[in-house]
Every structure is written in C-alpha cells, then in structure tokens.
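Participant: Protein chains in written order, with our numbering: chain A, 1237 to 1579; chain B, 295 to 963.
What follows is a single structure, and I will ask about it in a moment.
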C-alpha cells in the first residue's frame, strides 16, 4: 500500500491568454517558454508531472507567481487545465462530467484555504457541517459528525461562535475541521498557515502533524515557506515559473539540489533539521562497545543531544532491525557546525 | 489628421475661446441672419424634416394594446396577468393597514374585519427598530410613526406604506434574480447593461406615460412604474456583490461538491448579503421616491396629498403632507440601513425560559396586535387615531408662510429678480439663440476635442436626433435650466465640500445635512420653493439646486481629503500659504474628483428638472408632463429619450475629460 499512487498528474499545462487553447493544440508539449512569450501568453503551469503516493505528505513549494496555487487548483479541477491528464484512483479527472466531479469532491476530496474561506453567516458548527449539508445529510447526523471534527481540532465549546469571533488560528482550525468532515481520501492544503503569525504558524504545524499521525491522509500541501516544507514533507516538489524543478525528499533536496535555484533555498537551512543518520553514519557494523541503538531515519536534530553527550558511538539500525552503521560524537558536531558538508 | 491638428491652435485654450466666441456670435445674431438671408430654417428646424417617431411609437403602443397576439394569449392578457399578480398582495396589505376587510362591492360591502389598529402598527415598527439595532432607533421610528398618527397623516401614510411594502419585495427579488442571471450568463449581462444605463438616465415621468397607457390610471399602474424604477440599482448591486465574493469562498463551494444552484444560494448569496442589503436600502428609498411621484397616475397616499395641495396652492396642507413624507423617509431609511448592517445575535437562549420570556418583543407585538384588533370595534380611538385629538399643523404652516410673505416679500422678490435678470435670462437667451445646425456642430466638436472621433459621432448624432424629432427649443430650455442650476449647485456645494474636508465639525454638520437631503423624495423639494417663490424658472432652479447639490459636496470633500499628503507637505516645505496650498495643490489635484461630482450633479439635476415641470417650466419635462396628462405615449417616450440623450452626452463628455485629466496628472495609466 505504501507506494501505490493515488493521484497521477501527467504533462499538465495551464496557459492563460487569448487563444491559448489554439496554440496548445498546434504545439502540444513542445511549447517552450519563448513560444509563450512570443504569443503574449502566460504559462502558469507547464508540463507538470507528479505522482502523489498513498499516505504521504507531498509539499509543493515555490515563491509567489511560481504557479503552485494554479497547479493545486488544476489537481482539484477548480481550474480547468489547458492540457494533460490527472488520474485519480486510475480515472482521468479531466474527462469527468460535472456530475461525476461533484460526486468525487463530495466523498473523496477536502481542501483547506489560505484565507480560511469560512462562510460568514454560519456558525463554527454549521461551517464544519457545510460539506455534509450540501450532500443532503440529515441535520442531526451531520452535526454529530461536525462536532467530532471540531473536537478533533481542539475547538470544543466554540460550536456556536461565528467566524468573525475567532482568531486566525482558530478560524483555520475550523477550515481544517470542515475539510475533514467528509473523511476525504485526498486532502489539499493551499498555504493553510501563511496568513498566520509565526508563533501560531508553528503551533498549527504541530497540530497538523498530530492530525496526520492519527488520520494518515494523502496530502498535497502548498507553501512558499521552505522551512515549513522541510518540516512537514515526506517529499517536496520545488516549482519555478510554472514548471517543477525538482521532486525529492527534504534530505535529498539539501544534499543534492538539482539546480542553483534549489540550492539557494537550501543554503540557509540548518543541516541538523534535515539530515538523517543515514547520511552521516559510518557504514558497517561497529567494533567494540556502543552506547545504544538508533533508527537510520532519525533526524540529527532529534538525536544530536544523546549522541554528543555519550563518549561511545551509537549503532544505526534499519526499521527491520538490521545494523547498517554507527555514528559518533564527531559526525554530529560536524553537522551542527556545518563543517565539511557534502554537496 | 496631422494637418487638422495644425489648423487648430496648439494651445487648447484658444480652441475653447474660439468655439465659445463663435457660438455667442451666432446665438446673438442668428435671428438677424435668418431675416437677411430669408432662411427661416436657420433658427427653426423645418417641420417637413421632422421624423415621425412620435406617431410611430404611439401607433405601435396602440397596436400592442389592441391587436398584439402571441398565439395563445394577447398582450392585453399579459398586462392583465401582471396587474393581478401585483394587485392581490397590494389589496391584502392595504386592507390590513388601513381599509379593513370587506365582502361585496360599493354600497353592499359588508365589513368582515377591521384593519390593524394604529397602536399595533406603532408598536410593531418600534419593536422592529429595537430588533435591528437598539433602543435609540426604536424610539426614533416609533416617534416617526406616532407623529403620523397624531398629526392626522395616518391614512395617507398607510396607503403610501402599503405601496412601498409591495413594491420593495418585487423590486428587490426581481433585481436579485436578474442580477444572478446576468452574473451567470455574460451574454445576458451584455444585453441588459445598456438597458440599465438608459433606465437610469430616462426621467421618471417618462416611465409613467407608457405604463399609464398599458395599465390605466390607478394604484397598480403606479406600482408597476415604481417596481420598474427601483429595480435597476438592485440588478447592479447584485452583479457587483456576487463578483465581489472572494475566489476562495467560491472554491470552497465547488470543493465541497455544491451543485450550481447550491453554490449560488448557499454560498455566494449569503456571503454577499451585506452588500446586497445596501441594494435593498436603495430599492426602498427609490421606491418611496417613486411612490410619491406616481401619485400622478393614481398611487394615492401622501404624494397625492402634496400634489393636490400644490394644485390648490394650499400652503399648510402641502407642507403638512411634505413633512409627513420626510418623517416616513427618515424612518424607512434608518430602519433599512440598520437592518443592512445588523450583525446576527450570538446570544444563546436559556432553555428554561418559557416562549414569552424568550421572545419578549415578538410576544408583546403579538399581544398588542390581538388585543387592539379585538377591541377596535368596541372602543373608539383604537381602530384609528381619534380625530378630535389629532393635531393639524396646516394652519400653523400657512401662518408661517403668510408671515414670511408679508414681511419678506420684497426681499424675496428682489433676490428672484436679481437672479432672473443677471443669470437666468441672459443664459436663457444665449442657449435658445443657438441655431440648431451650429448646436449639432458645437457638440460634435466638443466631443471630438475631448474624446476623439467615436465620441464626436455619438454626441453629434444624438444631438441631431433631438433636433430631428422637433424638440430643439425645449431641449435648449432644459439645457439652460440644467446649466444654471448645476452652476449654482457647484458654487455652493464645492466650497461646502472643501470646508467639510478641512474641518471635522463642519464635516459632521454638512454630512448629516447632505444625508438627510438625499433621503428625501424629490417631490418634497417643490413644496417650500413654490410657497416662497411661486411658480416659474427661478423656483425650478432652487428645487433643482437643493436636490442636486449633494454629489458636488461629497465628491469635493472626498477629492480634497484624498490628495496625497506628501504633496501637501512638499507644498508646505516650499513655503506655500494656506491659500496657495488650496489653490495650487489641493484643488488641482482634486480636479478629476470634482469632475466626477459635476457629472453626478448634472444627472441628478436632469432627473429633478423633469419633476419641476409641475411648477411651470417650459422644458422637456413639461413635454413629458403634458404627454402624461394626455396619455400620449409617443410624445412622452420621445421627450423622455431626449432628456436621456442630453444626460448621455454630458456623461460621456465629462467621463472623457476626467480620464484625460487623470492621465495628465499621472494618476493612472
């Protein structure tokens, strides 16, 4: 199950401007940035291929204007792409009728928005129950479900409040509760924490990780904040000018940036936050005494204190319990002070 | 093109001076010229060239009413159907408010139930005032309605209120639906936008004529006219409000799987509700305005009281009814504004209380209504306010006006004469003297100068049309009255606006004054003016100035206030005196804004001008008014369109000028 692909996005394009469709038909995927500029068109999304796997947090990272918001709207078909295929559970979303799309959105997709997008005339409870109301679920049933969701996001007791009476962080919790009410298989979050203050943002990120630990959703998460991306992501897609520059785990991205553009982002990221023991350990079974065992996927940040305070090295184990290497005080210190990091 | 440019002097001042000079000369000597050349066509548009538009329209309307048939039903059936749809609820509300319920007709009528007691209605509006805002508003609207009862205006006021209560839902819901349709179908929007534009410039009287023809004299015709008049702003507001809903909210609707209908009614419209309520407020105020005017085609009520008082020159009665209209307008405006900005209560109800304790206001209203309803046939004075106790201010007002006229007659007369001699008559002579052929040329040239070929063609052909339907002279009188009124309104309004922008106290006083002036139905302005200055162009001018001044003040204040503060600081650092700051920085920078105000002032002036036909002007308004009394649809529509054309030309020329000014000042691209 771990590696099955839930959403497969193949050669997706979104071009804005007069007669964009005609140009796309005649050129197809060979359309270059120069072609677009010559016709006065804007390629908001250009030939994007991404595969989103069941149960992963897939972060799309890019600066404003990079096309990440347009891409996520293409994936959810809020915006009609100019070309390409988007396979969801093996079926092409772009070939679906409005009615089929409505059915998919009602049962299988949820979305959280940057500016919360709560309906101002509804209470917290009614907002959270809104997707169920639209489906025609009876009031008692949908409110019971919405109450569970509100409790899940920690807003119990505020069911009767209106959105304007809540802080930004609380409003986004309602947005999250609403998007989870239908128990979606695929969860889109479009810069959900960008409009929040830094402290609240961090708190919400923790909350998000806690929820994901409980729910194991498949997530497409949009952000312009690289710190946020590496904190949350299983894999990151870096976007620039409508195209994907690199798709990789945070660790790979830091160790092997594909372009100078990606490297610019990664340069100021403390390595300890990103690197796992896998990248710093000395391979091979250690000789002599060891202080204990650590998992190969642990990030340096979380185990640095333990390794550094021990005179003996630790053994590094895979999930299956096989010993693959060992790591000592010096390796951790090198990472923490940024000495001799490989490119 | 470049050669043409060389022919006209580079400095634009010279162009305008030459243009004005030629016009002035022609205006002065056209008559002599036509005598010398023995060419009467110079001063008078030849009857033989006249387009028979009037007759055609009248003929078409005749055909529509008498012969038009669409297979299963005739046009007549359509109007009858519309009439019955409106009449039924109207009768119901009217019976409830004032007439009482009865069975049978004429003398055989048997009353089966009285109307609501005045006490119940006063309690209702007071409770509603408290519901939508607070105690202060409750006291205000309660006081307003109490005034209507105590001062003997109750019956007429309730007739007017019944019309408003029926017209508002029709206008608001109709406007909402049309707006939704326009939002969904861009083709439909492209279709109705020019219609909306035209409807806003055609004077109100012009609506009345065809409707009178189609529906006959009576409350239904008046209601139809009112609904049509009040609907366009609601359509516009709906389109704007729906467009204004943020993309994210729309996306939420789509993402949770809304159908198109659910998206509209569960997401977009509730989210846009605050803006939509502003539109409803507008509908209410326009409805009241029109209900008063439509008394000419049988709406009855307060408007009819004013109209008949004006006709009888009954000073006291007119002012009394006028004050009642003002009181009603203020109550309706404050109520609907408060309703629009009301925030839904978030208190939770205590489940331990019984139903009366939980809803004290509703319960009180219900109890008062039922008790007074049951008692009304037994106890006098409950059904309707006891006549013996009613106060009349009629004599008081007559005395006041009488006193003023006795003691200040000479002063007023002197003011009037001075205005007539030094402003109105010379301007009138100038405008009416312009030969029609040069007039068309002149407007074309101005259009070309400020907006290029397109505007020249539009302005020129519209002006030519006015001449071609034989309304040149009347159009020139309209122009003269409108021009002088706008001049005076700007001369008073702009300094007031500047003052309001510079001084907070002045801002508060002027702001509330302007707000009140704007809520009053246009009809009301005629009353004091006629009482003091009798009929004539001068009275018309004063009424128009009062009605049209508000935008001049508003835009001036807004323009001055919004001048970039850095520019002011730069001026101060350069050592400008306050006077220099005003004349060299603030006013020039606010110029585009002043032009916008001027545009609005002209539009309001034109719409009011038509109503001043009642006080004896001889312009296009008079033409519409005459058409109304004779139910001559062709004449009414043609004259109405002529006014609309003038409005459109003025609007386009001023808009083009504003755009140029803004571009020259680098305010936008």
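Cβ coordinates follow ideal geometry from the N, Cα and C atoms, glycine included.
One question on the structure: do residue 235(B) and residue 431(B) come within less than 8 Å of each other, judged by their Cβ atoms?
Facilitator: Shown here, chain B extends from 295 to 963; a query on residue 235(B) therefore has no answer.
Participant: So the candidates are 1536(A), 1459(A), 1463(A) and 1556(A); which of them puts its Cα closest to the Cα of residue 1303(A)?
Facilitator: Indexing the first chain from 1 puts residue 1303(A) at position 67. Nearest C-alpha to residue 1303(A): 1459(A).
Participant: Going by DSSP, which residues form a beta bridge with residue 367(B)?
Facilitator: Translated into positions along the second chain, residue 367(B) becomes position 73. Note: residue 367(B) sits in a beta bridge opposite 364(B).
Participant: So for residue 1261(A), helix, strand or coil by DSSP?
Facilitator: Your numbering for residue 1261(A) matches position 25 in the first chain. Correct three-state label for residue 1261(A): helix.
Participant: Note down, in chain order, every chain A residue with its Cβ under 9 Å from the Cβ of residue 551(B).
Facilitator: Counting from 1 along the second chain, the entry for residue 551(B) is found at position 257. By Cβ distance, chain A contributes 1337, 1338, 1339, 1340, 1341, 1342, 1343, 1345, 1367, 1370, 1371 and 1418.
Participant: Evaluate residue 311(B) with the Cβ neighbour count: other Cβ atoms within 10 Å of its Cβ, from every protein chain shown; 16 or more gives buried, anything less gives exposed.
Facilitator: Taking the first residue of the second chain as position 1, residue 311(B) is located at position 17. Residue 311(B) is exposed by the Cβ-count criterion.
Participant: Under the DSSP definition of a beta bridge, which residues are partnered with residue 1482(A)?
Facilitator: On the first chain, position 246 is the one that residue 1482(A) refers to. Note: residue 1482(A) sits in a beta bridge opposite 1474(A).
Participant: Drop a sphere of 10 angstroms on the beta-carbon of residue 1273(A), count the other beta-carbons inside from all chains shown, and report buried for 16 or more, exposed for fewer.
Facilitator: Within the first chain, numbered from 1, the residue matching residue 1273(A) stands at position 37. So residue 1273(A) ends up on the exposed side.
Participant: Decide yes or no for the touch test of the region 717-727 of chain B against the region 772-779 of chain B: beta carbon pairs closer than 8 Å, at least 3 of them.
Facilitator: Yes, the region 717-727 of chain B touches the region 772-779 of chain B.
Participant: Take residue 1466(A) as the anchor and find which of 1415(A), 1561(A), 1369(A) and 1506(A) has the nearest alpha-carbon.
Facilitator: On the first chain, position 230 is the one that residue 1466(A) refers to. That would be 1506(A), whose Cα lies nearest to the Cα of residue 1466(A).
Participant: What separation, rounded to the nearest whole angstrom, lies between the Cα atoms of residue 1370(A) and residue 1376(A)?
Facilitator: For the purposes of this step, residue 1370(A) is taken as the residue at position 134 of the first chain. For the purposes of this step, residue 1376(A) is taken as the residue at position 140 of the first chain. Cα to Cα, the separation comes out at about 14 Å.
Participant: Using a cut-off of 8 Å between C-beta atoms, extract the partners of residue 567(B) located in chain A.
Facilitator: The sequence position of residue 567(B) within the second chain is 273, counting from 1. Chain A residues near residue 567(B): 1357.
Participant: Name the residue from 1512(A), 1387(A), 1462(A) and 1471(A) whose alpha carbon lies nearest to the alpha carbon of residue 1300(A).
Facilitator: For the purposes of this step, residue 1300(A) is taken as residue 64 along the first chain, with counting starting at 1. Nearest C-alpha to residue 1300(A): 1462(A).
Participant: Using the Cα positions of residue 488(B) and residue 895(B), report the straight-line distance between them to the nearest angstrom.
Facilitator: The residue given as residue 488(B) occupies position 194 in the second chain. The residue given as residue 895(B) occupies position 601 in the second chain. Distance between the alpha carbons of residue 488(B) and residue 895(B): 21 Å.
Participant: Just how far apart, CA to CA, sit residue 640(B) and residue 631(B)?
Facilitator: One-based indexing of the second chain puts residue 640(B) at position 346. One-based indexing of the second chain puts residue 631(B) at position 337. Annotation note: pLDDT 45 at residue 640(B) (below 50); position unreliable, coordinate value reported separately. Each residue's Cα considered, the two are about 20 Å apart.
Participant: Hey, is residue 461(B) close to the ligand NAD, as in C-beta under 7 Å from one of its heavy atoms?
Facilitator: Although the ligand NAD was asked about, the structure shown includes no ligands whatsoever.
Participant: Across which residues does DSSP place residue 1529(A) in a beta bridge pair?
Facilitator: The residue you call residue 1529(A) lines up with position 293 of the first chain. The partner list for residue 1529(A) (beta bridge, DSSP) reads 1551(A).
Participant: Measuring CB to CB, does residue 496(B) end up less than 8 Å from residue 376(B)?
Facilitator: Mapped onto the second chain, residue 496(B) falls at position 202. Mapped onto the second chain, residue 376(B) falls at position 82. For residue 496(B) and residue 376(B), no; Cβs fall outside 8 Å.
Participant: Say whether the region 658-673 of chain B touches the region 605-619 of chain B, bearing in mind that this needs 3 or more beta-carbon pairs closer than 8 Å, one atom from each stretch.
Facilitator: Touching, no, given that fewer than three Cβ pairs across the two stretches are closer than 8 Å.
Participant: Can you tell me the Cβ-Cβ gap for residue 566(B) and residue 539(B), rounded? I've got them flagged as a contact below 8 Å.
Facilitator: For the purposes of this step, residue 566(B) is taken as the residue at position 272 of the second chain. For the purposes of this step, residue 539(B) is taken as the residue at position 245 of the second chain. About 5 Å; that satisfies the 8 Å criterion.
Participant: Counting only beta-carbon separations shorter than 8 Å, does residue 1353(A) have a partner in chain B?
Facilitator: Counting from one through the first chain, the residue named residue 1353(A) turns up at place 117. It does; some Cβ of chain B falls within 8 Å.
Participant: Between 1308(A), 1289(A) and 1290(A), which has its C-alpha nearest residue 1296(A)'s C-alpha?
Facilitator: Stepping through the first chain from its first residue, residue 1296(A) is reached at position 60. Residue 1296(A) has its Cα closest to that of 1308(A), out of 1308(A), 1289(A) and 1290(A).
Participant: Is residue 1398(A) helix, strand or coil by DSSP?
Facilitator: The residue you call residue 1398(A) lines up with position 162 of the first chain. Coil at residue 1398(A), not helix or strand.
Participant: Is the Cβ of residue 642(B) closer than 8 Å to any Cβ of chain A?
Facilitator: Locating residue 642(B) in the second chain gives position 348, where the first residue counts as 1. With a pLDDT of 48 at residue 642(B), under the threshold of 50, the modelled position of that residue is not reliable, and no figure is offered here.
Participant: What did DSSP end up calling residue 1252(A) once you bin it into helix, strand or coil?
Facilitator: Within the first chain, residue 1252(A) is the residue found at index 16, counting from 1. If DSSP states are grouped into helix, strand and coil, residue 1252(A) belongs with the strands.
Participant: Whose C-alpha, out of 425(B), 558(B) and 478(B), is nearest the C-alpha of residue 655(B)?
Facilitator: Translated into the one-based positions of the second chain, residue 655(B) becomes position 361. The shortest C-alpha separation from residue 655(B) is found at 425(B).
Participant: Please list, in chain order, all residues of the same chain as residue 477(B) whose beta carbon is under 6 Å from its beta carbon, the five residues on each side excluded.
Facilitator: The residue you call residue 477(B) lines up with position 183 of the second chain. Cβ neighbours of residue 477(B) beyond the five flanking positions: 533 and 536.
Participant: Along the chain, which unbroken stretches of the alpha helix (DSSP H) at least 4 residues long are found entirely within the region 654-700 of chain B?
Facilitator: Those alpha helix (DSSP H) runs which fall completely within the region 654-700 of chain B and span 4+ residues are 654-669.
Participant: Are there three or more Cβ pairs, one per stretch, closer than 8 Å when the region 867-879 of chain B is compared with the region 841-850 of chain B?
Facilitator: The region 867-879 of chain B vs the region 841-850 of chain B: no contact.
Participant: What does residue 1277(A) reach in chain B if we use C-beta pairs closer than 7 Å?
Facilitator: Start at 1 with the first residue of the first chain, and residue 1277(A) comes out as number 41. The contacting residues do not exist; residue 1277(A) stays about 21 Å from chain B at best.
Participant: Cβ of residue 909(B) within 8 Å of Cβ of residue 838(B)?
Facilitator: Position 615 of the second chain, counting from 1, holds the residue named residue 909(B). Position 544 of the second chain, counting from 1, holds the residue named residue 838(B). Their beta carbons are not under 8 Å apart, which means residue 909(B) does not touch residue 838(B) by this criterion.
Participant: Please go through the same chain and pick out, in chain order, the residues whose beta-carbon is closer than 7 Å to the beta-carbon of residue 706(B), but skip the five residues on each side of it.
Facilitator: Translated into the one-based positions of the second chain, residue 706(B) becomes position 412. Excluding residues within five positions, the ones whose Cβ falls inside 7 Å are 826 and 827.
Participant: Could you give the C-beta distance for residue 840(B) and residue 811(B), rounded to a whole number, given that I count them as a contact under 8 Å?
Facilitator: Indexing the second chain from 1 puts residue 840(B) at position 546. Indexing the second chain from 1 puts residue 811(B) at position 517. Rounded, the Cβ-Cβ distance is 7 Å, consistent with contact.
Participant: Would residue 564(B) count as contacting chain A if we go by Cβ distances under 8 Å?
Facilitator: Numbered from 1 along the second chain, position 270 holds the residue referred to as residue 564(B). True, the Cβ-Cβ gap to chain A drops below 8 Å.
Participant: Could you tell me which chain A residues have their CB closer than 9 Å to the CB of residue 560(B), listed as they occur along the chain?
Facilitator: As a first step, residue 560(B) is located in the second chain; it is residue number 266 there, counting from the start. Ordered by position in chain A, the residues that pass the 9 Å Cβ test against residue 560(B) are 1355, 1366, 1369 and 1370.
Participant: Report yes if the C-beta distance between residue 762(B) and residue 344(B) is below 8 Å; otherwise report no.
Facilitator: In the second chain, counting from the first residue as 1, residue 762(B) sits at position 468. In the second chain, counting from the first residue as 1, residue 344(B) sits at position 50. The answer is yes: Cβ separation under 8 Å.
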